[in-house]
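> By this note's numbering, the letter at position 26 of the sequence shown is numbered 28, and the numbering carries on one by one without gaps. Glycine is no exception: its CB is placed at the ideal position from the N, C-alpha and C atoms. Before I ask anything, here is the structure I am working with.
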Amino acid sequence: MSRTSLFTACLLFTVSGCAQITDIGGASYLTSEPVIQMTSSGIGPIGAGTPYSREGIGQALPGFELGDVTTMSEGEVRQFLAAFKGGMQQLQFEPGGPNGLIGRVHLVGQEAAGPNGERIGMTYSESGGRSLDCSAGTGDWTGMAICMTSDQRLSYIYAPEGYTGPDGQLPPRDVLVKSRLVRIIWNSPS
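Structure representation (structure tokens):
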């Protein structure tokens, strides 16, 4: 992005009350305060005791719009609840906790952040990937690196650009450090 177009984008975003976009290493991501932050205990006020329902999630996230998203997982079409801010999806929720509670939350939007300010689009190096325990992705995550925190509550999914290495193997270190963060997943402890 050129300086002129970056200035124009920032001016437009400032006028509309949005955040500045920063272009680092070819990927753009927001640098303002996140609209919500994920930690090992959940995302904002959502945690292990939040019901997987439109009402339960809606009460926990005032100011977000809720909707349904359809995804393909392991060859199966599935529908989940999602939270949107300003028309952009930020979160996706999966059932799976006991008694109808949330089982997993996927951080997918650039306006949300991980516990240390990580944003979708950052590289492995920029987002602190070295402190995580990584393994090769399988199934829907084949070809990607799945990196977990020591308590295994957060999973960071990194997509190496152009990597076509053997299935079941992490990309070489020089490829991994440039891989982009595409998702952070909170796993309920129950």
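Measuring CB atoms only, is the segment 123-132 touching the segment 82-91, in the sense that at least three cross pairs come out at less than 8 Å?
no
> How many angstroms separate the CA atom of Ile159 from the CA atom of Trp143?
8 Å
> Kindly indicate which residue of Ser55, Val179 and Gln39 has the alpha-carbon position closest to the one of Gly130.
Val179
> Buried or exposed for Met40, please, with buried defined as at least 16 other CB atoms from any protein chain shown within 10 angstroms of its CB.
buried
> Going by Cα to Cα distance, which pick from Cys136, Val71, Ile104 and Ala84 is closest to Trp188?
Ile104
> Using the rule of at least 16 other Cβ atoms within 10 Å of the residue's Cβ for burial, across every protein chain shown, is Phe9 buried or exposed?
Residue placement at Phe9 is poorly supported in this model, since its pLDDT is 29, which falls under 50; the coordinates are not used for a value here.
> The alpha helix (DSSP H) with Arg197 in it runs from where to where?
This structure cannot speak to residue 197, because the chain is shown only from 3 to 192.
> Do Ala50 and Gly69 have their C-beta atoms within less than 8 Å of each other?
no
> Ser190: buried (16+ other C-beta within 10 angstroms of its C-beta) or exposed?
Ser190 is buried by the Cβ-count criterion.
> How long is the line joining the alpha carbons of Gly28 and Pro162, rounded to whole angstroms?
In this prediction, Gly28 has a pLDDT of 47, which is less than 50 and means its spatial position is unreliable; what the coordinates show is noted afterwards. The straight-line gap from Cα to Cα measures roughly 14 Å.
> In three-state terms, what does DSSP make of Gln61?
helix
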